[in-house]
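**Student:**
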Amino acid sequence: AQSVTQLDSQVPVFEEAPVELRCNYSSSVSVYLFWYVQYPNQGLQLLLKYLSGSTLVKGINGFEAEFNKSQTSFHLRKPSVHISDTAEYFCAVIGGGTGANNLFFGTGTRLTVIP
Amino acid sequence: NAGVTQTPKFQVLKTGQSMTLQCAQDMNHEYMSWYRQDPGMGLRLIHYSVGAGITDQGEVPNGYNVSRSTTEDFPLRLLSAAPSQTSVYFCASSRGTGTARNTIYFGEGSWLTVV
């Protein structure tokens, strides 16, 4: 079975400061990892994904994440946040074996950027 | 290109009533799915489909019914609504199945309140 754990439910950060949102996964098979962002009252937008290859993945809006197999982590980072980054962020995993693109989500991290 | 369209966006139901949440995609995607989002629980998979005529259960299928008679449409039926089904519902679709390489697109959500 596959699952993800987001360690922080809320992260407040001042504007232009760096931020890291933490995600750990567990899976007995190869994993594909994702970060999604949800702005208030909207659907989910893909920020970035790790399928294979380079462990540092760059996404939209200046975000990046690093896949760390030994620590089973996929933390999301941004060197300087903006007010517009205030949103909820979800880490998700697709595990092998189901034959379908079923995502399993973490419980989310609410990022609040303080002016 | 409309992408993934969900209707209605908002709905209030009385306990015991039935209703259908509609989901349509115009991208000729094989894979479609329904998630529900509850505070502090992230998104959880209700049902999914890997093609017309093929559906399967996700994590939380009880109280919901689906069918996939066409590639474009994947309606979610609540047979007898309960207050525990108050949630935000998201439909998703992607090209292909069994691979994470194809982007998964989400609709904008349907807010359902059962009183």
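Protein sequences, first through last, are from chains A and B. Quick note on my numbering: the first sequence kicks off at 1 and runs consecutively. Quick note on my numbering: the second sequence kicks off at 1 and runs consecutively. Ideal Cβ placement from N, Cα and C applies to all residues, glycine included. Since the model is a prediction, treat every value here as computed from it, not as a measurement.
Could you list which residues in chain B have their beta carbon closer than 7 Å to that of T107/A, in chain order?
**Tutor:** The contacting residues are G40, M41 and G42.
**Student:** For the stretch 33-48 of chain A, enumerate the residues whose C-beta is nearer than 7 Å to any C-beta of chain B, in chain order.
**Tutor:** Q42, G43, L44 and L46
**Student:** Just the Cα atoms here: how many angstroms apart are L43/B and F104/A?
**Tutor:** 8 Å
**Student:** Quick one: is A65/A near chain B, going by C-beta distance under 9 Å?
**Tutor:** no
**Student:** Could you list which residues in chain A have their beta carbon closer than 8 Å to that of E108/B, in chain order?
**Tutor:** Q42 and G43
**Student:** At 9 Å on the CB atoms, spell out the chain A contacts of S33/B, in chain order.
**Tutor:** Identification of chain A residues near S33/B by a Cβ-Cβ cut-off of 9 Å yields A100, N101, N102 and L103, ordered along the chain.
**Student:** With 7 Å as the C-beta to C-beta threshold (strictly closer), list the residues of the stretch 77-94 of chain A near chain B in chain order.
**Tutor:** Of all residues in the stretch 77-94 of chain A, the ones placed with a Cβ closer than 7 Å to any Cβ belonging to chain B are F90 and I94, in chain order.
**Student:** Pick from G109/B, V115/B and V114/B: whose alpha carbon is nearest that of P8/B?
**Tutor:** Selected option, being the one with the closest Cα: G109/B.
**Student:** How far does the beta strand (DSSP E) with N65/B in it extend, from its first residue to its last?
**Tutor:** Y64 to V66
**Student:** Do we get a CB-CB distance below 9 Å when we pair S54/A with the residues of chain B?
**Tutor:** no
**Student:** Going by C-alpha distance, which of P79/A, K49/A, R77/A and P12/A is nearest A92/A?
**Tutor:** Checked all of P79/A, K49/A, R77/A and P12/A; the closest Cα to A92/A is K49/A.
**Student:** State the start and end residues of the unbroken beta strand (DSSP E) segment that holds D38/B.
**Tutor:** Y31 to D38
**Student:** Can you find a CB in chain B that lies within less than 9 Å of the CB of L51/A?
**Tutor:** yes
**Student:** Which value, in whole angstroms, describes the spacing of the CA atoms of F74/B and H29/B?
**Tutor:** 11 Å
**Student:** Looking at A82/B and G58/B, is the spacing between their C-beta atoms short of 9 Å?
**Tutor:** A distance of 9 Å or more separates the beta carbons of G58/B and A82/B.
**Student:** What does G63/B reach in chain A if we use C-beta pairs closer than 8 Å?
**Tutor:** Those within 8 Å of G63/B in chain A number zero; the least Cβ separation is about 19 Å.
**Student:** Taking all protein chains shown into account, decide if L79/B is buried (16 or more other Cβ within 10 angstroms of its Cβ) or exposed.
**Tutor:** exposed
**Student:** Show which residues of chain A have a CB atom less than 7 Å away from the CB atom of L112/B.
**Tutor:** Under the 7 Å cutoff, chain A gives no residues; its nearest Cβ is about 14 Å from L112/B.
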